[in-house]
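>
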Amino acid sequence: MEKRLDKLGHRLVWLTLVLAALTIGAGILRGHDVIDMIQTGVALAVAAVPEGLPVVATLSLARGMWRMNRRNAVIRRLSSVETLGATTVILTDKTGTLTQNRMTVVRYLLEGRDVDCDGDGAGKLDAAPDDPLGWAVRIGALCNNAELGDGQADGRAGDPMELALLAIAGRAGLTRAGLRKARPEIREYAFDPQTKMMATVHADGAGFLVAVKGAPEALIDHATAVLAPDGVRTLDDAARQAWKQRSSAAAREGLRVLALAMKHLDRADGAPYADLTLVGLVCLLDPLRDDVAPAIRASRAAGVRVIMLTGDHADTAATIARHAGLGDGELTVIEGRELAGIRPGGISPAMRARVLAADVFARVAPETKLTLVSIYQEAGHVVAMTGDGVNDAPALKKADIGIAMGQRGTQVAQEAAHMVLRDDKFATILSAMRQGRVIFGNIRKFVVYLMSCNVSEVLVVGVAVGAGLPMPLLPLQILFLNLVTDVFPAFALGLGRGDANVMRKPPRDPAEALMDRPRWVLTGVLGAAITLATLGAFVTALVWLELDAGPAVTVAFLTLALSQMWNVFNMRDADSGLLDNDVTRNRYVWGALALCLGLIGLALWQPALADLLGLPDPGAPGLLLSAVASLVPLALGQAWLILARPGTR
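Take 1105 as the starting number for the sequence shown in my numbering and just add one per residue.
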């Protein structure tokens, strides 16, 4: 938008210089005084350039930031407010954005049996120390970096999944501190997106215990045995496939599935992931946020695609996506391994088509997110992306709108983002997007308003001079109108709350100009209508009312001023109501009109100011003529909007 405003301004400068030069030349050829024409030309040049445009645009964006902040969306860059309104694709995380990020262990899948846990987190869990369930609970608590504290909200710290594993251990009478006292941690192998596993090594008598947790498909492939109630059994390929099927079945229920394993070593620095003994699978539930499904429906109505990016299993992601309302009918899911090694410039057309049609990307690595953002941008989309981790920072920075989580997001992610969600809610993105659309619409409205008013001022003088009429406006009058009737209504339009249907329309084309052809046509029509009304009133005052040149100029001045004021009501959307629309509901518009009427009345009836501006009293007939003539552009503008309404042509 900044580039478009700058481009528009440069064009207007040259157009203004040409029109001013033509007006001066025509006036001199018609016998007008040279000094008077130069003064008039300079005044027209000043009036024709909408110098208030940058100020109004900045105020409109700033007020949009303030409104978004009240809705928990903190905008870090002013220009991002406008970009939000053009967003066509949202690449969103699942955990914490679409879901509540409150995980609860609901089931353990063990050798030969399933153990269901009460989802409310209450009650005791019977887990014998040497039983597979007991080992599963202990492994989940040992291979863990969270801190449950005293159980209060302010004592909890860490990943919600790990907090859930500590909570279920507490129900079995185990604490992280007690477990680590019995088996002190020697070292940790942090979670690796490539292996999709994490391990901790603990002293255990004369040897060492390795506790491992990770993605089921990865960990099961590294396991050679499984813990059963009667001891350790060999895990063959058929058994591995059966375990993977159990994992997929749980994932299709929308559960997040984590595999748990262990091994004993003689040395602390032994290979942590070789020859593992599978203990079992733990299933966690992270419910969908209540406001997500309505928000996604609203996104679809607004023509914005929502695409899920998650590190979860494809079946888990697909189930959550269906509940959220993503996709049309059958979901298209792509797993991260299918995207390994692809680059935006080197992707095949078939794969590009698959990526652009996908609804869900599962098991996605952070570096793949950056590639996906680039692919969508190359396809012409304006991309918004959510993220919270340090590894998300490059993709957040690359996206047109990077959206960081304010509650669980890292400082690095928030610094790289354009917007921060204080409540981590997906619905907040939609609220901010609406403000972005409203702001761009407001900027377009006041550009059309300023341009149509400025064009009318140039045409009134230019046509009158070219037709051999007396000068209808004096230089000071032109400057007064430029300061009064242009600026205040334009400010008011920039502060409007927008039409109620703004999120039921598709996003604008990112390549669409600020002033497209329909708006240039509207500007010309409104400018011509104001010119017609002003010159018509001026000629009528001279010929029919037989007023002298001074009072007739006052009639022209007043007609032009009132016409420009009423022109603000022609800025409504073509598909909005005639009397009930975003302009008539804007209280700032009514305040601006009242202020303008007061200033114009002061110019007419305050003797010193009236003498300075050259506005003698035109009498009651002249005032009535101005009032009636000023309504003509309003009527013509409304008729044009009705004809331009979708479905009427």
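The beta carbon of each residue, even a glycine, is placed where N, CA and C say it ideally should be.
Suppose you measure from the CA of residue 1755 to the CA of residue 1594; what does that come to, to the nearest Å?
Residue 1755 cannot be examined here, being either before or after the span of the chain that is shown, 1105 to 1753.
> What are the partner residues of residue 1523, as DSSP defines its beta bridges?
Residue mapping note: residue 1523 aligns to position 419 of the sequence shown, counting from 1. According to DSSP, which records beta bridges pairwise, residue 1523 is partnered with 1179 and 1507.
> Do residue 1120 and residue 1565 have their CB atoms nearer than 8 Å?
The residue you call residue 1120 lines up with position 16 of the sequence shown. The residue you call residue 1565 lines up with position 461 of the sequence shown. Cβ atoms of residue 1120 and residue 1565: not closer than 8 Å.
> So what does DSSP say about residue 1488, is it helix, strand or coil?
By one-based count along the sequence shown, residue 1488 stands at place 384. Reduced to three states, the DSSP call for residue 1488 is strand.
> Output yes or no for whether 8 Å exceeds the beta carbon distance between residue 1386 and residue 1294.
By one-based count along the sequence shown, residue 1386 stands at place 282. By one-based count along the sequence shown, residue 1294 stands at place 190. Not closer than 8 Å, so no.
> Taking the runs of the beta strand (DSSP E) that are 3 residues or longer, which of them lie wholly in the stretch 1270–1308?
1289–1296 and 1301–1308
> Using DSSP with H/G/I as helix, E/B as strand and the rest coil, what is residue 1257?
Along the sequence shown, one-based indexing puts residue 1257 at 153. The predicted position of residue 1257 is uncertain, since its pLDDT is 46 and thus under 50; no value can be drawn from it.
> Does the distance from the CB of residue 1500 to the CB of residue 1464 come in under 8 Å?
On the sequence shown, residue 1500 is found 396 positions in, with the first residue counted as 1. On the sequence shown, residue 1464 is found 360 positions in, with the first residue counted as 1. Their beta carbons are not under 8 Å apart, which means residue 1500 does not touch residue 1464 by this criterion.
> Taking only three categories from DSSP, how would you classify residue 1114?
Taking the sequence shown and counting its residues from 1, the one referred to as residue 1114 is at position 10. Helix at residue 1114.
> Below 8 Å, how does it come out for the stretch 1482–1497 and the stretch 1509–1523: are there three or more Cβ pairs, yes or no?
yes
> For residue 1408, collect the residues of the same chain with a Cβ closer than 8 Å to its Cβ; drop the 5 residues on either side in sequence, then sort them by chain order.
Walking along the sequence shown from the start, residue 1408 turns up at place 304. So the qualifying residues of the chain are 1191, 1192, 1193, 1194, 1537 and 1611.
> Residue range of the alpha helix (DSSP H) that residue 1136 falls in?
Sequence index remark: in the sequence shown, residue 1136 carries index 32 (1-based). Note, residue 1136: premise wrong, no alpha helix (DSSP H); not H, not E.
> When you compare the CB positions of residue 1236 and residue 1383, do they come within less than 8 Å of one another, or not?
Locating residue 1236 in the sequence shown gives position 132, where the first residue counts as 1. Locating residue 1383 in the sequence shown gives position 279, where the first residue counts as 1. Cβ atoms of residue 1236 and residue 1383: closer than 8 Å.
> Under 8 Å by Cβ, that's how I've got residue 1735 and residue 1670 pegged, so tell me the actual separation to the nearest angstrom.
Along the sequence shown, read from residue 1 onward, the residue named residue 1735 stands at position 631. Along the sequence shown, read from residue 1 onward, the residue named residue 1670 stands at position 566. That belief holds up - the Cβ atoms of residue 1735 and residue 1670 are roughly 7 Å apart, short of 8 Å.
> Three or more beta-carbon pairs under 8 Å between the stretch 1242–1252 and the stretch 1277–1286, yes or no?
With the cut-off at 8 Å, the stretch 1242–1252 and the stretch 1277–1286 touch.
> What is the DSSP secondary structure of residue 1338, counted as helix, strand or coil?
Residue mapping note: residue 1338 aligns to position 234 of the sequence shown, counting from 1. Three-state result, residue 1338: strand.
> Which stretch, first to last residue, makes up the beta strand (DSSP E) that contains residue 1695?
By one-based count along the sequence shown, residue 1695 stands at place 591. No beta strand (DSSP E) holds residue 1695; the alpha helix (DSSP H) holding it covers 1691–1709.
> Beta strand (DSSP E) containing residue 1366: first to last residue?
Taking the first residue of the sequence shown as 1, we reach residue 1366 at position 262. Run containing residue 1366: 1360–1369, per the beta strand (DSSP E) assignment.
> Below 8 Å on the Cβ atoms is my guess for residue 1687 versus residue 1600; work out the distance and round it to an integer in Å.
Your numbering for residue 1687 matches position 583 in the sequence shown. Your numbering for residue 1600 matches position 496 in the sequence shown. Going by Cβ atoms, the distance from residue 1687 to residue 1600 rounds to 7 Å, so yes, they are a contact pair.
> Please determine, among 1164, 1107, 1141 and 1115, the residue with the shortest C-alpha to C-alpha distance to residue 1540.
Position 436 of the sequence shown, counted from the first residue, corresponds to residue 1540. Nearest option by C-alpha distance: 1164.
> Return helix, strand or coil for residue 1468, following the three-state DSSP convention.
If you number the sequence shown from 1, residue 1468 lands on position 364. It is coil, neither helix nor strand.
> For residue 1112 and residue 1182, I'd like the C-alpha separation in whole angstroms.
Within the sequence shown, residue 1112 is the residue found at index 8, counting from 1. Within the sequence shown, residue 1182 is the residue found at index 78, counting from 1. Those two C-alpha atoms are separated by around 20 Å.
> Identify which residue in 1543, 1380 and 1326 has its Cα closest to the Cα of residue 1170.
Counted from its first residue, the sequence shown places residue 1170 at position 66. Checking every option, the nearest Cα to that of residue 1170 belongs to 1543.
> DSSP puts residue 1317 in a beta bridge; with which residues?
Looking up residue 1317 in the sequence shown gives position 213. Per DSSP, 1302 and 1364.
> Starting from the Cα of residue 1363, find the closest Cα among 1340, 1187, 1265 and 1271 and give me that residue.
Stepping through the sequence shown from its first residue, residue 1363 is reached at position 259. Ranking the options by Cα distance to residue 1363, first place goes to 1265.
> Can you give me the Cβ contacts of residue 1621 inside the same chain, cut-off strictly under 8 Å, excluding the 5 residues immediately before and after it?
As a working mapping, residue 1621 is identified with position 517 in the sequence shown. Excluding positions up to five away in sequence, the list is empty.
> Name the DSSP bridge partner or partners of residue 1412?
Locating residue 1412 in the sequence shown gives position 308, counting from the first residue. In the DSSP assignment, residue 1412 is bridged to 1196 and 1464.
> So residue 1330 and residue 1366 are supposed to be a Cβ contact under 8 Å. How far apart are they, rounded?
Numbered from 1 along the sequence shown, position 226 holds the residue referred to as residue 1330. Numbered from 1 along the sequence shown, position 262 holds the residue referred to as residue 1366. The pair is not a contact, with the Cβ atoms about 11 Å apart (cut-off 8 Å).
> Classify residue 1430: buried if its beta carbon has 16 or more other beta carbons within 10 angstroms, exposed otherwise.
Against the sequence shown, residue 1430 aligns to sequence position 326. Result: buried.
> Is residue 1736 helix, strand or coil when you go by DSSP?
The residue you call residue 1736 lines up with position 632 of the sequence shown. Here DSSP, grouped into helix, strand and coil, assigns residue 1736 to helix.
> Alpha carbons only, please: which of 1188, 1733 and 1138 is nearest the one belonging to residue 1506?
On the sequence shown, residue 1506 is found 402 positions in, with the first residue counted as 1. Looking at the Cα atoms, 1188 is the closest of the given residues.
> If you follow the beta strand (DSSP E) that residue 1211 is part of, which residue opens it and which one closes it?
Numbered from its first residue, the sequence shown carries residue 1211 at position 107. Element bounds for residue 1211: 1208–1214.
> Between which two residues does the beta strand (DSSP E) holding residue 1384 run?
One-based indexing of the sequence shown puts residue 1384 at position 280. Here the beta strand (DSSP E) through residue 1384 covers 1380–1389.
> Just to check my reading of the structure: residue 1638 and residue 1576 have Cβ atoms closer than 8 Å, yes? What is that Cβ distance to the nearest angstrom?
Counted from its first residue, the sequence shown places residue 1638 at position 534. Counted from its first residue, the sequence shown places residue 1576 at position 472. Confirmed, about 7 Å.
> Might you give, ordered along the chain, the residues of its own chain that have their beta carbon closer than 8 Å to the beta carbon of residue 1138, omitting 5 neighbours on each side?
Against the sequence shown, residue 1138 aligns to sequence position 34. 1132, listed in sequence order.
> Can you find a CB in chain D that lies within less than 8 Å of the CB of residue 1708?
Looking at the structure shown, chain D is missing, and only one protein chain is on hand.
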